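**Student:**
Numbering (our numbering), first residue to last: 427 to 718.
#1: For residue 551, name the three-state secondary structure that DSSP assigns.
#2: Please name the residue in 602, 601, 584, 576 whose C-alpha comes closest to that of residue 590.
#3: For residue 710, list the residues DSSP reports as bridge partners.
#4: Could you tell me if residue 587 is buried or exposed, where buried requires 16 or more neighbouring beta carbons within 10 angstroms of its beta carbon?
#5: Closest to residue 706 by C-alpha separation, out of 714, 581, 488, would be which residue?
#6: Please list the terminal residues of the continuous beta strand (DSSP E) segment that includes residue 603.
#7: Name the residue from 516, 643, 498, 709 whose alpha carbon lies nearest to the alpha carbon of residue 623.
#8: Does the separation of the CB atoms of residue 502 and residue 565 fall below 7 Å?
#9: Run through DSSP, which three-state label would residue 544 get?
#10: When DSSP labels each residue in this structure, what does residue 450 get in the three-state scheme?
#11: Assuming residue 487 contacts residue 677 (C-beta within less than 8 Å), just tell me the rounded distance between them.
#12: What number of angstroms, rounded off, separates the C-alpha of residue 732 from the C-alpha of residue 570?
#13: Give me the Cα-Cα distance between residue 549 and residue 574, rounded to the nearest whole angstrom.
#14: Out of curiosity, what's the CA-to-CA distance linking residue 633 and residue 715?
#15: Name the one or two DSSP bridge partners that residue 716 has.
#16: Are residue 547 and residue 691 close, meaning C-beta to C-beta below 7 Å?
#17: Measuring CB atoms only, is the segment 529-547 touching the segment 646-662, in the sense that at least three cross pairs come out at less than 8 Å?
#18: Excluding sequence positions up to five away, which residues of its chain have a Cβ less than 7 Å from the Cβ of residue 447?
#19: Along the alpha helix (DSSP H) that carries residue 515, what are the first and last residues, could you check?
#20: Alpha carbon to alpha carbon, what distance is there between residue 557 and residue 531?
#21: Buried or exposed, going by whether 16 or more other CB atoms sit within 10 Å of the CB of residue 643?
#22: Using 7 Å as the threshold, is the C-beta distance between residue 483 and residue 491 below it?
#23: Do you know whose CA, among 539, 699, 669, 595, lies nearest residue 682's CA?
#24: With DSSP as the reference, label residue 664 as helix, strand or coil.
#25: Over the uninterrupted alpha helix (DSSP H) stretch that includes residue 534, give me the two end residues.
#26: Mind checking who residue 526 pairs with in its DSSP beta bridge?
#27: Is DSSP giving residue 649 helix, strand or coil here?
#28: Please identify the residue among 711, 626, 640 whose C-alpha is closest to the C-alpha of residue 802.
#29: So which of 630, 506, 618 has the shortest CA-CA distance to residue 671?
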């Protein structure tokens, strides 16, 4: 901006610009940078219209950065929210307890140490080193926004348990009624438990994607490192119940990881079972990816 242009600006406008520039050095710099862009385009960044249009995204980004800084010890810039995240899209996701989370690019390796972080147990890293746990960089978080499942867990009760107020229960009931997925005699029709990993991958996730309005390729079960990170950063109920969840990670040739049981270490716990095994103590959580 030329000095003569600044000199012709009214003092109240200069005050707004000075305030914006000062705030750029704070923790919410990204938020204020967007408002500065509106200002330079001749729009009022504090107008009711501008605030209504951007307030939810600003608040989401700002709150996310504060959560990330707690564990990473530095400011972590969160990307702009995906263009598809309209208020209507997020309202529909929220009806299924699917909430936005942002994960930075980070390697949660065997040497990872952060105050208050419950790290995956040594068994996980040993099996990666031996080649038993497959996949592309199984300890690495992939930078981007996600929709994660925040439905509270429950304790195991001989296979009769159902996640409380589970919004996915009607869909699961429908799929069991159509014989697309199975269970045991004692399994409630709407329970996420006693569904094989294959049934989640081949049937349930596709139906969930349709309900959420996303592509099938975007949705999967959580990888172990994602389950662990989301539990540490965003969802304190993860690992707080005597239940397991299937994970995306492949173990050896015919198995998949599961983990999270409180009695075995909660967020730190990882074990494995056959991909076609029907386990009355194991549920699952969908994860929708908006990663470049």
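For glycine and all other residues, C-beta sits at the position ideal for the given N, C-alpha and C. The structure presented is a predicted model; accordingly, all values stated were derived computationally and were not measured.
**Tutor:** Taking the geometry as given:
#1: The three-state reading of DSSP puts residue 551 in helix, counting H, G and I together.
#2: The residue from 602, 601, 584, 576 with its alpha-carbon nearest to that of residue 590 is 576.
#3: Residue 710 is bridged to 672.
#4: Per the 10 Å Cβ criterion, buried.
#5: Minimum Cα distance to residue 706 is reached at 581.
#6: Note, residue 603: premise wrong, no beta strand (DSSP E); alpha helix (DSSP H) at 595-603.
#7: It is 709.
#8: Result no, Cβ atoms of residue 502 and residue 565 do not sit closer than 7 Å.
#9: In this structure, DSSP gives residue 544 a state outside helix and strand, which the three-state scheme calls coil.
#10: Its pLDDT being 47, under 50, residue 450 is placed unreliably by the model, and the measurement read from it follows with that caveat. Residue state, collapsed to three classes: coil.
#11: Taking a contact as a CB-CB distance under 8 Å, the pair residue 487 and residue 677 does not count as one, their CB atoms being some 36 Å apart.
#12: Because the chain in this structure spans residues 427 to 718, residue 732 falls outside the shown range and cannot be described.
#13: Distance between the alpha carbons of residue 549 and residue 574 is about 25 Å.
#14: Going from the Cα of residue 633 to the Cα of residue 715 covers about 16 Å.
#15: As a beta-bridge residue in DSSP terms, residue 716 pairs with 571.
#16: Yes. Within cutoff.
#17: The segment 529-547 is in contact with the segment 646-662.
#18: A caution first: residue 447 carries a pLDDT of 49, below 50, which makes its placement in the model unreliable, though a value can still be read off. Closer than 7 Å at the Cβ level, and outside the excluded window around residue 447, lies no residue.
#19: Where residue 515 is concerned, the enclosing alpha helix (DSSP H) stretches over 513-521.
#20: The straight-line gap from Cα to Cα measures roughly 23 Å.
#21: By the neighbour-count rule (16 or more Cβ atoms within 10 Å), residue 643 is not buried but exposed.
#22: Cβ atoms of residue 483 and residue 491: not closer than 7 Å.
#23: Distance from the Cα of residue 682 is smallest, within the candidate group 539, 699, 669, 595, for 699.
#24: DSSP places residue 664 in coil when its eight states are reduced to three.
#25: Secondary structure note for residue 534: it is in no alpha helix (DSSP H), with a DSSP letter that is neither H nor E.
#26: For residue 526, DSSP records a beta bridge to 573.
#27: Of the three classes helix, strand and coil, the one that applies to residue 649 here is coil, per DSSP.
#28: The question about residue 802 has no answer here: the residues shown for the chain are numbered 427 through 718.
#29: The shortest Cα separation from residue 671 among 630, 506, 618 belongs to 618.
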